Each structure stands twice: as C-alpha cells, then as structure tokens.
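K.L.:
Structure provided below as structure tokens; questions to follow.
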C-alpha cells in the first residue's frame with residue numbers, strides 16, 4: 001500500500017507527464033477568395049478576405065466596403081489605427097492581384113468565353129503548439145492555391161519546393177521553384193514570422209479564446225423526391241471548439257457512407273461557432289429505431305436523440321426544421337467543391353535589401369512569362385501585414 005507521500009509523488013509525476021505531453025494547438029490563417037465576375041447575389045462579393053484565429057474570424061475585407069475591419073473587440077482595442085489603414089491598402093492591392101491572376105488562369109485554361117464565374121482562393125498561415133513554458137512552437141505551415149474547387153499549387157514547407165497537382169500548374173511551379181528568394185522567404189515566414197503573429201494574437205485574445213459553447217442538437221425529417229422515402233436529419237449547431245463527433249445509428253449500429261449516410265462536415269456559423277448536419281434517406285415504412293449521438297469533448301457533452309416514428313410516417317414530413325444560424329462562408333458552399341480549403345493568406349513582409357532583391361528578381365521573372373504572378377504582389381506589400 002502506498003504511503004501518502006508516495007501517492008502525492010505519483011500524482012505530481014502524472015501531472016508533470018501530462019504537462020509535457022499535452023500541447024494546446026493554435027492556428028492563424030487567412031482566406032482570400034475572388035470571383036472572375038460579379039454574381040449579383042446578396043452577401044457574395046467579387047473579392048473577400050478574412051483572418052481566422054483558431055477558426056474564429058478576427059478581421060474582414062470585401063470589395064463592396066473596401067475597408068479592413070476587426071471582427072473581435074480585442075482586435076479593435078489592442079491594435080492601433082495605422083494597422084487597419086495599412087491592412088486596408090494591402091487588401092486593395094491583393095484585390096487587384098487576384099483580378100489579374102484570375103484572368104491569366106482563365107486564359108491558360110481556355111475559359112476566355114466563359115459565362116459562369118470562376119473562383120480563385122489562396123490559403124496561407126500556420127499552426128503551432130503551446131509548450132510547457134507558454135511559448136508557441138511551429139507545427140506546420142500552409143501556402144496553397146485553389147482554382148474552381150481544385151487544388152492548383154501548394155508549398156511543401158518540409159522540402160522547400162512548390163507542388164503542382166495538375167498539368168496546368170506545372171509552368172508556375174517551375175518558375176516559382178526557380179526563384180530561390182521566394183522559396184526561402186516563404187519557408188522562413190511560415191515557420192517564424194507567422195508564429196510570432198499567432199503568439200501575439202493568442203495573447204491579445206486569451207480570454208475570448210477560452211470561451212466554449214456546447215452544441216444544440218436537433219433531429220428532424222425532410223421530404224424526399226421519392227414519395228415512399230424520407231430523409232432523417234441530425235443537426236448539431238452552436239458549438240465551439242470545432243471538433244465534434246456525430247453518429248447516426250440504426251438499431252444501435254452506426255451508419256456509414258456505405259449505408260447512404262451523407263454529411264455537410266463541419267461548417268462555420270456567423271457567431272464564431274460551428275454546425276454539422278448528417279442525413280440519410282430511408283423508407284417511410286422502416287420500423288427500425290434511429291438515433292443520433294453527438295459528442296463534444298470541448299464542453300463534455302454526450303447526448304443522444306431519437307427520431308419518433310410519427311416524424312417520418314406522415315406524408316407531410318419535413319415541414320419542421322429548427323431555425324439555425326446562417327453560414328458566413330456562403331461563397332465556398334455555392335461555388336467551391338466541399339474539399340476546397342476556404343481559408344487564407346498573409347502578405348509577404350520584406351525589409352531593406354530583401355525587398356529590392358525580391359522585386360528585381362520577380363519582375364524579371366514576370367517579364368519572361370505570363371505566369372501566375374505570386375511574389376510581384378508580395379513584394380508590393382513591403383512592411384505590411386494582412
């Protein structure tokens with residue numbers, strides 16, 4: 001039998017082991033999305049940019065309002081006015097950059113006569129883990145481009161090269177790989193400067209980032225095009241942090257894609273929380289017991305709700321659906337395939353000789369080929385952050 005001192009020693013060792021091995025992760029990403037033409041729909045702009053800290057929007061810019069604004073009170077309180085002024089100018093420059101490069105890609109893809117809009121996105125940012133001493137340690141960086149919902153180009157941070165998943169992107173990869181200053185800066189920025197900004201923002205918004213929100217769970221039905229069938233829908237909404245487990249069961253057996261289960265995956269609400277909706281089509285005559293289990297470890301929620309038989313035996317099923325919070329990322333849902341990344345970008349920050357060298361090299365590269373002009377814009381953003 002352990003003595004009191006021995007038990008206390010064991011507890012201390014366990015706590016120390018936990019602190020050494022438990023790393024809270026944080027992320028800072030930016031989403032730039034541009035359309036080749038206006039679509040005339042409310043809330044969908046020709047150009048948008050947003051900053052995301054731990055999946056919460058911290059700043060926003062669109063082509064209609066032409067101003068970068070804070071989306072968190074602590075961002076407004078802690079960052080000076082010139083930060084937002086410089087950020088606005090940087091976003092305007094990026095807006096023009098995207099307009100030029102969508103045109104280049106449409107020409108390359110032979111889409112010059114296209115009547116429907118095309119979409120170009122840039123995701124840029126980093127993830128880091130909190131160390132026992134409170135500092136953040138770089139885990140991974142991302143710098144990737146997406147065109148019409150398909151991966152176009154990304155930076156392999158480990159090997160310091162650009163990756164082209166499609167034939168159309170190979171020319172750009174070769175050109176960018178040939179610009180050593182761009183590769184070195186991109187890698188250095190992702191691993192160092194991005195983490196510095198992430199650390200600063202986590203410190204500024206510490207109290208807000210610690211807030212958690214449990215999910216509300218609804219089970220309901222939606223009519224099917226087949227009269228004899230009905231959709232069972234399980235909705236979890238209003239939760240934060242983002243990670244959640246949702247299981248639709250039939251007689252306690254978890255349904256999968258092979259059973260026809262479909263999912264929206266996790267989507268953002270407009271209040272910094274998230275939602276997920278899973279659904280499956282069944283026969284109205286099915287007498288099985290259907291349930292939905294939702295587990296949200298962030299708020300210690302584990303709840304199971306059942307579909308009552310009367311919900312899907314009635315011919316008018318599907319009339320009830322709870323009011324939910326509208327999505328902020330409508331653009332991604334409407335135009336971009338579900339696997340599209342939908343998140344971000346930092347402008348490059350150069351200083352002194354680096355700026356001059358980068359500008360000189362890249363202008364020469366641009367003159368020799370009409371390629372996706374990545375760093376010409378970056379160099380124009382000298383000494384700014386976006």
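In the UniProt record's numbering, the protein residues as written are 1 to 386.
Ideal Cβ positions, reconstructed from N, Cα and C, are used throughout, including at glycine.
Note that the structure is predicted; figures quoted are calculated from it, not measured.
Pair every Cβ in the region 194–206 with every Cβ in the region 226–244, then say whether three or more of these pairs are closer than 8 Å.
P.N.:
Too few Cβ pairs lie closer than 8 Å, so no.
K.L.:
Could you pull the DSSP bridge partners for residue 162 from this structure?
P.N.:
155, per the DSSP bridge assignment.
K.L.:
Pull the bridge partners of residue 139 from the DSSP assignment, please.
P.N.:
None; residue 139 has no bridge partner.
K.L.:
Could you name the residues that DSSP lists as bridge partners for residue 303?
P.N.:
In the DSSP output, where bridge partners are listed per residue, residue 303 has 294.
K.L.:
Ends of the alpha helix (DSSP H) at residue 210?
P.N.:
Unbroken run through residue 210: none, as it is neither H nor E.
K.L.:
So for residue 196, helix, strand or coil by DSSP?
P.N.:
Helix.
K.L.:
Would you call the region 117–126 and the region 136–153 in contact, with 3 or more CB pairs under 8 Å?
P.N.:
Short answer: they touch.
K.L.:
How about residue 235 and residue 277: are their beta carbons less than 8 Å apart?
P.N.:
A contact, by the Cβ cut-off of 8 Å.
K.L.:
Quick one: what's residue 121 bridged to in DSSP?
P.N.:
DSSP, once it has assigned bridges, lists 33, 146 as partnering residue 121.
K.L.:
When burial is assigned at 16 or more other CB atoms within 10 Å of the CB, is residue 285 buried or exposed?
P.N.:
Residue 285 is exposed by the Cβ-count criterion.
K.L.:
When you compare the CB positions of residue 280 and residue 259, do they come within less than 8 Å of one another, or not?
P.N.:
In this structure, residue 259 lies closer than 8 Å to residue 280 by Cβ.
K.L.:
Let's see if you can read the secondary structure: which residues bound the alpha helix (DSSP H) around residue 78?
P.N.:
Here the alpha helix (DSSP H) through residue 78 covers 73–78.
K.L.:
Judging by CA-CA distance, which residue of 55, 36, 299 is the nearest neighbour of residue 100?
P.N.:
It is 36.
K.L.:
Do residue 214 and residue 299 come within 8 Å of each other at the CB atom, strictly closer than that value?
P.N.:
Yes.
K.L.:
Have a look at residue 143 and residue 87 and give me their C-alpha separation to the nearest angstrom.
P.N.:
About 19 Å.
K.L.:
Between residue 75 and residue 60, how many whole angstroms is the CB-CB distance? I'm expecting something under 8 Å.
P.N.:
Not a contact, Cβ separation roughly 10 Å.
K.L.:
Going by DSSP in three states, residue 255 sits in which element: helix, strand or coil?
P.N.:
In this structure, residue 255 counts as coil in the three-state DSSP scheme.
K.L.:
State buried or exposed for residue 85, treating a residue as buried only when at least 16 other CB atoms are found within 10 Å of its CB.
P.N.:
Looking at its Cβ environment, which holds fewer than 16 other Cβ atoms inside 10 Å, residue 85 is exposed.
K.L.:
Tell me the rounded alpha-carbon separation between residue 89 and residue 81.
P.N.:
Those two C-alpha atoms are separated by around 13 Å.
K.L.:
For residue 112, count neighbouring C-beta atoms within 10 Å of its own C-beta (all shown protein chains included) and say buried if the count is 16 or more, exposed if not.
P.N.:
Exposed, by the Cβ-count rule.
K.L.:
Going straight from the alpha carbon of residue 263 to that of residue 222, what length do you get?
P.N.:
Residue 263 and residue 222: Cα-Cα distance of roughly 14 Å.
K.L.:
Reducing DSSP to helix, strand and coil, say where residue 269 ends up.
P.N.:
Here residue 269 sits in strand by DSSP.
K.L.:
Just how far apart, CA to CA, sit residue 194 and residue 164?
P.N.:
Their Cα atoms are separated by approximately 24 Å.
K.L.:
Which word fits residue 43, buried or exposed, when buried means at least 16 other C-beta atoms lie within 10 angstroms of its C-beta?
P.N.:
Exposed, since its Cβ has fewer than 16 Cβ neighbours within 10 Å.
K.L.:
Pick helix, strand or coil for residue 111, following the three-state DSSP scheme.
P.N.:
Here residue 111 sits in coil by DSSP.
K.L.:
How many angstroms separate the CA atom of residue 125 from the CA atom of residue 306?
P.N.:
Going by the C-alpha atoms only, they are around 41 Å apart.
K.L.:
Taking Cβ to Cβ, would you say residue 191 is nearer than 8 Å to residue 138?
P.N.:
Cβ distance < 8 Å, so residue 191 and residue 138 count as in contact.
K.L.:
Which partner residues does residue 276 have in the DSSP bridge list?
P.N.:
Paired residue(s): 236, 266.
K.L.:
Look at the Cβ atom of residue 54, then the Cβ atom of residue 209, and state whether they are nearer than 8 Å.
P.N.:
Yes; because the gap between Cβ atoms is below 8 Å, this pair is in contact.
K.L.:
Need the endpoints of the alpha helix (DSSP H) that residue 181 sits in, please.
P.N.:
Here the alpha helix (DSSP H) through residue 181 covers 180–188.
K.L.:
Spatial neighbours of residue 283 within its chain, please: CB distance less than 7 Å, with the 5 preceding and 5 following residues excluded, ordered by chain position.
P.N.:
If we look at residue 283 and ignore the five residues flanking it on each side, its Cβ neighbours are 228, 229.
K.L.:
Whose C-alpha, out of 174, 196, 94, is nearest the C-alpha of residue 26?
P.N.:
Among 174, 196, 94, the Cα nearest to that of residue 26 is on 196.
K.L.:
When burial is assigned at 16 or more other CB atoms within 10 Å of the CB, is residue 96 buried or exposed?
P.N.:
The residue in question, residue 96, is exposed, as its Cβ has fewer than 16 Cβ neighbours within 10 Å.
K.L.:
For residue 290, which option in 251, 270, 296 has the closest C-alpha, if you only look at C-alpha atoms?
P.N.:
Of the candidates 251, 270, 296, the one whose C-alpha sits nearest the C-alpha of residue 290 is 251.
K.L.:
Provide the residue span of the beta strand (DSSP E) that contains residue 62, from first to last.
P.N.:
It spans 56–62 - the beta strand (DSSP E) in which residue 62 sits, taken as one unbroken run.
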